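Asks: Take a look at this one; I'll ask things after.
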Amino acid sequence: MSETYGAENPPYRKLVRVRWNYDPTENNESILKINAGEIFSVAYQYKNGWWYGQKTDGSAGFLPSNFLEELDPKSKI
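No gaps in the numbering here: position 69 of the sequence shown is 98 in our numbering, and each next residue is one more.
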């Protein structure tokens with residue numbers, strides 16, 4: 030996953046909400062199990078459809094971008 034969008038300094042941040050549950054079938058600790066309604070702060074957007082984000086509890090990893098919706102930065106979570 031070498032080509033990214035948002036690889037800026039300081040890191041790019043975008044708030045997203047998970048639209049659907051996702052439970053990865055492969056045993057890869059860097060890909061997160063996500064549940065509908067969870068909020069993540071996205072730091073990197075990879076061109077292959079995977080984004081790297083951090084959940085409000087501090088856990089971080091890769092997320093499938095097609096399971097996410099961007100939140101308006103002015104909206105109340």
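Think of the CB as a built atom: it goes at the ideal place given N, C-alpha and C, for glycine as much as any other residue.
None of the values given here were measured: they were computed from a predicted structure.
(1) Along the beta strand (DSSP E) that carries Pro102, what are the first and last residues, could you check?
(2) Please confirm whether Gln74 and Lys43 have their CB atoms less than 9 Å apart.
(3) If we call anything under 9 Å between Cβ atoms a contact, is Gly82 one with Phe96?
(4) Excluding the 5 residues preceding and the 5 following Arg48 in the sequence, name in chain order all residues of the same chain whose CB lies nearer than 6 Å to its CB.
(5) For Ser94, which of helix, strand or coil comes out of DSSP?
Replies: For this structure:
(1) Stepping through the sequence shown from its first residue, residue 102 is reached at position 73. Boundaries cannot be given for Pro102, as no beta strand (DSSP E) includes it and DSSP labels it neither H nor E.
(2) Within the sequence shown, numbered from 1, the residue matching residue 74 stands at position 45. Within the sequence shown, numbered from 1, the residue matching residue 43 stands at position 14. Yes, these two residues count as a Cβ contact at 9 Å.
(3) The residue given as residue 82 occupies position 53 in the sequence shown. The residue given as residue 96 occupies position 67 in the sequence shown. No, the Cβ-Cβ distance between Gly82 and Phe96 is not below 9 Å.
(4) Locating residue 48 in the sequence shown gives position 19, where the first residue counts as 1. So the list reads Phe96 and Glu98, once near-sequence residues are dropped.
(5) Position 65 of the sequence shown, counted from the start, is the residue given in the question as residue 94. Ser94: helix per DSSP, three-state reduction.
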